[in-house]
Structure formats: structure tokens, C-alpha cells
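S.K.: Before anything else, here's the structure in question.
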Amino acid sequence: MLQGIHHTAIICSDYTVSRYFYTSVLGLEVIAENYRPLRDSWKLDLGLADGSRIELFSFPAPPARPSRPEACGLRHLAFSVTDLDATIDSLATHGCLAEPVRVDEYTGKRFTFIADPDGLPLELYQL
């Protein structure tokens, strides 16, 4: 029935800051950007190389998302990378620091976490 994940939606607290982070720091492609006046909200469609998408939304005064301690529900968003060390180094030039690299005990693959401007955990998983 299900063919894949089409998109993931993220609500941000500061549209300008998050737009910069996802496009200039992470390098996602802008597919479409629309202001929705009835909702006083921006909707930014972002694309990744594999065809998956992220929808970035802004709303007036959204409540903070609990990240620590971890809450029930969606825990984090994971991105695959081919060179984890180069990705970490590139992000560091933008002031985006990664947690210490860990190894997945089941796959033997290396991974780490960064956070978006609102503290949403983003995993970087080396293929």
C-alpha cells in the first residue's frame, strides 16, 4: 500500500532563521515558497536529492516542541550522508555542532545528531 515517505512537515518558530538553516546550511533545494495570509503562515517546500521533501511552516506563536526529555511520538528526522566526517566539518563552518559520532550496534554504521534552530534533533546517518 505505502510507497514511501513523500514529505515531512516541520513547524518553526522563526521562519527566516529556519529557512536559512535548511537551505544555506543543509543545502536543501527550494521547490516552492508561499505566504498564506489567512493563516499568517509561510509554507516552504524543500527537496532532497532522492526526491523526498520537507515542508517548512511558520505560524504565529507556535508552542515549543519538547525534545528533552524525549516525548512520545516522532523522535527525530534522519538524513543519509555518504561522508559523515565531511558533513560534520561542513556544518561546523556554519556554527552547527554535532554530537559525538556513534556506531549503530545493529548495522555497524556511523551516525551523529545535530539540532535545527528550534532544537529538533536531526540525525546524520552514513550510508
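Counting in the working numbering, the sequence shown runs from 270 upward without gaps.
Yeah, the Cβ is synthetic: ideal placement off N, Cα and C, and Gly gets one too.
Assign LEU360 to one of three DSSP states: helix, strand, or coil.
M.R.: Looking at LEU360 - three-state DSSP - the assignment turns out to be helix.
S.K.: Excluding five sequence neighbours on each side, which residues of the same chain lie with their C-beta closer than 8 Å to the C-beta of SER287?
M.R.: Closer than 8 Å at the Cβ level, and outside the excluded window around SER287, lie ILE279, CYS281, LEU325, SER327, ASP385, PRO386 and ASP387.
S.K.: Note the first and the last residue of the continuous beta strand (DSSP E) segment covering THR277.
M.R.: 276 to 281 is the span of the beta strand (DSSP E), which, as asked, contains THR277.
S.K.: Where GLU374 and LEU396 are concerned, what is the direct C-alpha to C-alpha distance, given to the nearest angstrom?
M.R.: So the alpha carbons of these two residues sit roughly 15 Å apart.
S.K.: Can you tell me the Cβ-Cβ gap for THR347 and TYR284, rounded? I've got them flagged as a contact below 8 Å.
M.R.: In the sequence as presented, Thr is not what sits at residue 347; that position holds Ala. So it is not a contact: roughly 24 Å between Cβ atoms.
S.K.: Whose CA, out of LYS312, ARG308 and CYS341, lies closest to the CA of PRO329?
M.R.: Residue ARG308 is the option with its Cα nearest to PRO329.
S.K.: Assuming ILE383 contacts LEU353 under a Cβ cut-off of 8 Å, what Cβ separation, rounded to an integer in Å, is found between them?
M.R.: Contact doesn't hold; Cβ gap of about 11 Å is too wide.
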